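As structure tokens, then:
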């Protein structure tokens, strides 16, 4: 029924009506784009064909600009209200191998926000590990003692989903040292060999290394910071840790790329008053949140410029990006 309603709405040019009414600059964000094999395990990546359709639509109806041009227009109040900025979070290898060729072929600028510790070590991002083990591994029983998950049966879909949600919610709300503990306990459910096999099977979860990030930078992508570890900067985090994550990641990127790191994006969109101050202290020109409802021109704090996370389905996408932001 929902698909039917969307199809009718689009056949009546409803997206064009929304676009003419809701004129405002937009910053969009994705994570990865790849030739995926399992949408549940590889949820952070869009399939290539869906992404190409989205970019074709944006290129036809919007003006896709670089983040640097966006900053200039923001500071000088020169928006045309047709602007779209393309951004990608975390630092997946497919940003180099898949996204970059697609966008460079169309001469479209984009920005990638990287978490430097994951780039340095090759460790997967926390939610990727959770999905890989809970949905990708052939487990009937799982243990995560810190979360009081002891020999839990996940052989049926309902229980598996319950455990998954519990783990994900904890990864997004716990302080960093607890997140590391949860990840360690999750990985203990598999042998090293089985874990490596899963990573190779679901390749879209892999982060870049520094050689690859530098190559992406040299190919024209703007590289911004996404903290050192993929840490959610909420009130449960130690302020000193958050400060170090924001400031040191900038320094690391600048050292590795021999170029200024001007922009920061909050992992999961979480921020506090203190974290916003740290962005300014570090010397970033702008920081970015994930508040889809807020219009950019109504946000005066340059530490939390809103971005819109886009949906996968192309018809939903056409409605969504014209409907948001709302206020």
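Residue numbers (this note's numbering): 321 to 647. In this text, a Cβ means the ideal position worked out from N, Cα and C, and glycines have one as well. Please read all numbers here as calculations on a predicted model, not as lab measurements.
CA nearest to the CA of residue i, picked from the options
| i | options | result |
| --- | --- | --- |
| residue 424 | 434, 397, 509, 372 | 372 |
| residue 538 | 565, 452, 420, 366 | 420 |
| residue 381 | 369, 396, 402, 387 | 402 |
| residue 532 | 442, 351, 624 | 442 |
| residue 353 | 444, 449, 526 | 526 |
| residue 495 | 556, 413, 546, 440 | 556 |
| residue 432 | 360, 331, 327, 542 | 542 |
| residue 576 | 490, 418, 529, 595 | 529 |
| residue 501 | 512, 487, 511 | 487 |
| residue 565 | 579, 580, 587 | 587 |
| residue 438 | 546, 558, 626 | 546 |
| residue 558 | 504, 499, 614 | 499 |
| residue 446 | 548, 358, 513, 359 | 548 |
| residue 343 | 615, 632, 626 | 615 |
| residue 397 | 637, 632, 619 | 619 |
| residue 519 | 341, 356, 346, 332 | 356 |
Those residues which DSSP pairs with residue i across a bridge
| i | result |
| --- | --- |
| residue 431 | 407, 542 |
| residue 643 | DSSP, once it has assigned bridges, lists no residue as partnering residue 643. |
| residue 446 | Its beta-bridge partners do not exist; DSSP assigns none. |
| residue 365 | 352 |
| residue 608 | 585, 625 |
| residue 346 | 404 |
| residue 527 | 412 |
| residue 383 | 403 |
Spatial neighbours of residue i in its chain, beta-carbon cut-off 8 angstroms, leaving aside the 5 residues before and after
| i | result |
| --- | --- |
| residue 474 | 454, 459, 460, 461, 462, 480, 483 |
| residue 448 | 364, 525 |
| residue 379 | 426, 428 |
| residue 334 | 639 |
| residue 562 | 551, 553, 592, 594, 595, 598 |
| residue 385 | 393, 403, 404, 405, 429 |
| residue 634 | 370, 373, 374, 377 |
Supposed contact pair residue j and residue i - C-beta distance, whole angstroms, cut 8 angstroms
| i | j | result |
| --- | --- | --- |
| residue 550 | residue 493 | Their Cβ separation, rounded to whole angstroms, is 14 angstroms, which puts residue 550 and residue 493 out of contact at 8 angstroms. |
| residue 452 | residue 522 | 6 angstroms |
| residue 584 | residue 540 | So it is not a contact: roughly 20 angstroms between Cβ atoms. |
| residue 536 | residue 416 | 5 angstroms |
Residue i: first and last residue of the uninterrupted alpha helix (DSSP H) it sits in
| i | result |
| --- | --- |
| residue 394 | 387 to 396 |
| residue 598 | 593 to 602 |
| residue 438 | 436 to 441 |
| residue 485 | 477 to 493 |
| residue 515 | 512 to 521 |
| residue 328 | 322 to 331 |
| residue 426 | Segment: none, residue 426 is in no alpha helix (DSSP H) and carries neither H nor E. |
| residue 335 | 334 to 341 |
| residue 507 | 496 to 507 |
| residue 560 | 559 to 577 |
Other residues of its chain near residue i: CB distance less than 6 angstroms, five sequence neighbours each side excluded
| i | result |
| --- | --- |
| residue 572 | 436 |
| residue 393 | 399 |
| residue 622 | 606 |
| residue 418 | 353, 354 |
| residue 644 | 612, 628 |
| residue 338 | 642, 643 |
| residue 444 | 525 |
Own chain residues within Cβ distance below 7 angstroms of residue i, not counting five before or after
| i | result |
| --- | --- |
| residue 624 | 591, 596, 607, 609 |
| residue 471 | 461, 463 |
| residue 350 | 366, 408, 630 |
| residue 580 | 574 |
| residue 465 | 505 |
| residue 602 | 566, 567, 570 |
| residue 414 | 352, 353, 354, 365, 524 |
beta-carbon residue i near the ligand ADP non-hydrogen atom, thresh 7 angstroms
| i | result |
| --- | --- |
| residue 458 | No copy of the ligand ADP occurs in the structure displayed, which carries no ligand at all. |
Limits of the unbroken beta strand (DSSP E) element including residue i
| i | result |
| --- | --- |
| residue 464 | 461 to 464 |
| residue 585 | 583 to 585 |
| residue 471 | 469 to 473 |
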